[in-house]
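A.B. asks: My questions all concern the structure below.
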Amino acid sequence: MSDKELVEEAKKYREHAYAPYSGFRVGAAVMTGNGKVYGGCNIENASYSVTNCAERTAIFKAVSEGERDFTALAVVADTDAPCAPCGACRQVVAEFRIPKIIMANMQGAMRTVAGEELLPFAFSGDDMK
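Counting along the sequence shown from 1, when you hit position 19 you're at 119 in this note's numbering, and nothing is skipped either side.
See the structure below:
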């Protein structure tokens, strides 16, 4: 699947966003090593601290199905520039060592970075040894 196709999948999941408070709808799609795609959207809560981002929703769905090998993550929102993952999502990307992050907006702008570029010096399982 191309980067653009993965972004299109993320756009589809964005349509399911539950964002009644901020109105900021985000979609994400994560691809596994075997080519399977899991999508997610942001899910807000009146108690903002328990809101879940689209990226974490997609990754957690995949992990809950037994996936651990990821090749790429796309995230998209209606922003001026390509939408970047928040700090918490960057830590989850680091945890699962997702090597390619495709940030996009609804107008078609895209920026691709290596997962490790998102969170230099990330805390990892290696730090727990």
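Built from N, CA and C at the ideal position, the CB exists for glycine as well. Keep in mind that this is a model prediction, so the values were computed, not measured.
1. Taking its Cβ as the centre, do 16 or more other Cβ atoms sit within 10 Å of Gly-139, making it buried, or is it exposed?
2. Using the three-state DSSP reduction, which class does Leu-106 fall into: helix, strand or coil?
3. Using a threshold of 8 angstroms, state whether the C-beta atoms of Gly-215 and Lys-200 are closer than that.
4. Using the beta-carbon count (16 or more within 10 Å), is Ala-174 buried or exposed?
5. Quick check on Gly-133: buried or exposed, where buried means 16 or more other Cβ atoms within 10 Å of its Cβ?
6. Here's the rule I'm using: 16 or more other beta-carbon atoms within 10 Å means buried, otherwise exposed. How should Arg-197 be labelled?
7. Within the continuous alpha helix (DSSP H) that includes Ile-159, where are the two ends?
8. Who are Thr-212's beta bridge partners in DSSP?
9. Suppose the cutoff is 6 angstroms on Cβ atoms and the five residues either side in sequence are ignored; what does the same chain contact list for Gly-127 look like?
10. In terms of alpha-carbon separation, which member of Glu-195, Ala-209, Asn-205 lies closest to Leu-219?
11. Using DSSP's beta-bridge definition, name the partner residues of Val-193.
C.D. replies: Taking the geometry as given:
1. Answer is buried; the Cβ neighbour count reaches 16.
2. In the three-state reduction of the DSSP assignment, Leu-106 falls in the helix class.
3. Going by C-beta atoms, Gly-215 is nearer than 8 angstroms to Lys-200.
4. Classification of Ala-174: buried, given that the 10 Å Cβ count is 16 or more.
5. Gly-133 comes out exposed.
6. With fewer than 16 Cβ atoms within 10 Å of its Cβ, Arg-197 is classed as exposed.
7. 154-164 is the span of the alpha helix (DSSP H), which, as asked, contains Ile-159.
8. Note: Thr-212 sits in a beta bridge opposite Ile-202.
9. Answer for Gly-127: Ala-110, Lys-111, Tyr-113, Arg-114, Cys-141, Ala-154, Val-176, listed in chain order.
10. Closest option to Leu-219, judged by alpha-carbon separation, among Glu-195, Ala-209, Asn-205: Glu-195.
11. DSSP lists no partner for Val-193.
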